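Colleague: Shown below is the structure under consideration.
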Amino acid sequence: MGDYRQKMRAGRGKLHDRMSTPAIYLPAAGSRSQIPVTVRVHEFWKALGDLKGTNFNYAEVEDISPRIVFLLSEVAPKRGAIVSVAPGEAYRVDLVLPHDDITVTAKVVKYTAEEAKGFPVPEGSA
Numbered sequence: 164m165g166d167y168r169q170k171m172r173a174g175r176g177k178l179h180d181r182m183s184t185p186a187i188y189l190p191a192a193g194s195r196s197q198i199p200v201t202v203r204v205h206e207f208w209k210a211l212g213d214l215k216g217t218n219f220n221y222a223e224v225e226d227i228s229p230r231i232v233f234l235l236s237e238v239a240p241k242r243g244a245i246v247s248v249a250p251g252e253a254y255r256v257d258l259v260l261p262h263d264d265i266t267v268t269a270k271v272v273k274y275t276a277e278e279a280k281g282f283p284v285p286e287g288s289a
């Protein structure tokens, strides 16, 4: 059983290495502390209000639910922290989900491009 867990851990590490992007983690708004990290940003639209298994076209709304996946070896994210990915692209950590072995996922709130101005960005993303 231990061999399987090691293979899963190695696979998660490879996935993160290949799919992640550099970012700057700020522990809080206005913080001078900047931690370079790699993250996987997931932004997807989700239909809310429909009843599964029906085709009656009940009222639906679309909602964006951005999430960021972190490597625990780099940082253990906290609520209120800011993740700056690129000029005009930054997120505030809202809810940190339970960790999944070497990674942890956080539900985040995306700043507008105007709100994200002034946050530090990773080298090469300017």
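By the working numbering, the letter at position 7 of the sequence shown is numbered 170, and the numbering carries on one by one without gaps. The beta-carbon is built from N, C-alpha and C at its ideal position, and this holds for glycine as well. Please read these numbers as outputs of a predicted model, since none were measured by experiment.
Can you tell me whether Leu189 is buried or exposed? The criterion is at least 16 other CB atoms within 10 Å of its CB, across all chains shown.
Modeller: As a working note, residue 189 is residue 26 in the sequence shown. Classification of Leu189: buried, given that the 10 Å Cβ count is 16 or more.
Colleague: Helix, strand or coil: which one does DSSP assign to Ala279?
Modeller: One-based indexing of the sequence shown puts residue 279 at position 116. It is helical.
Colleague: Would you mind sorting Ile245 into buried or exposed? The rule is 16 or more other CB atoms within 10 Å of its CB.
Modeller: Position 82 of the sequence shown, counting from 1, holds the residue named residue 245. It is buried - the Cβ of Ile245 has at least 16 other Cβ atoms within 10 Å.
Colleague: Please classify Asp263: does DSSP put it in a helix, a strand, or coil?
Modeller: Your numbering for residue 263 matches position 100 in the sequence shown. Of the three classes helix, strand and coil, the one that applies to Asp263 here is strand, per DSSP.
Colleague: If I measure Cβ to Cβ from Thr268 and keep anything under 6 Å in the same chain, skipping five residues before and after, which residues do I get?
Modeller: For the purposes of this step, residue 268 is identified with residue 105 of the sequence shown, where counting begins at 1. Taken in chain order, the residues that qualify are Arg230, Val232 and Leu260.
Colleague: By the three-class DSSP mapping on this structure, what secondary structure does Leu234 have?
Modeller: Position 71 of the sequence shown, counting from 1, holds the residue named residue 234. Correct three-state label for Leu234: strand.
Colleague: Can you tell me which of Arg203, Ile187 and Val204 puts its alpha carbon nearest to the alpha carbon of Ser196?
Modeller: Mapped onto the sequence shown, residue 196 falls at position 33. Taking only the C-alpha atoms, the option nearest Ser196 is Ile187.
Colleague: Whole-angstrom Cβ separation of Arg242 and Asp263, contact assumed at under 8 Å?
Modeller: Locating residue 242 in the sequence shown gives position 79, counting from the first residue. Locating residue 263 in the sequence shown gives position 100, counting from the first residue. Not confirmed; about 18 Å, so no contact.
Colleague: In chain order, what residues of the same chain lie with their CB nearer than 6 Å to the CB of Ala276, ignoring the 5 residues before and after it?
Modeller: Sequence index remark: in the sequence shown, residue 276 carries index 113 (1-based). The answer, listed in chain order, is Gly251.
Colleague: Return the CA-CA distance between Gly193 and Phe282, expressed in angstroms with no decimal places.
Modeller: Here residue 193 refers to the residue found at position 30 when the sequence shown is read from its first residue. Here residue 282 refers to the residue found at position 119 when the sequence shown is read from its first residue. Rounded to whole angstroms, Gly193 to Phe282 spans 9 Å at the Cα level.
Colleague: Kindly indicate which residue of Phe207, Ile265, Val272 and Val271 has the alpha-carbon position closest to the one of His179.
Modeller: Indexing the sequence shown from 1 puts residue 179 at position 16. Ranking Phe207, Ile265, Val272 and Val271 by Cα distance to His179 puts Ile265 first.
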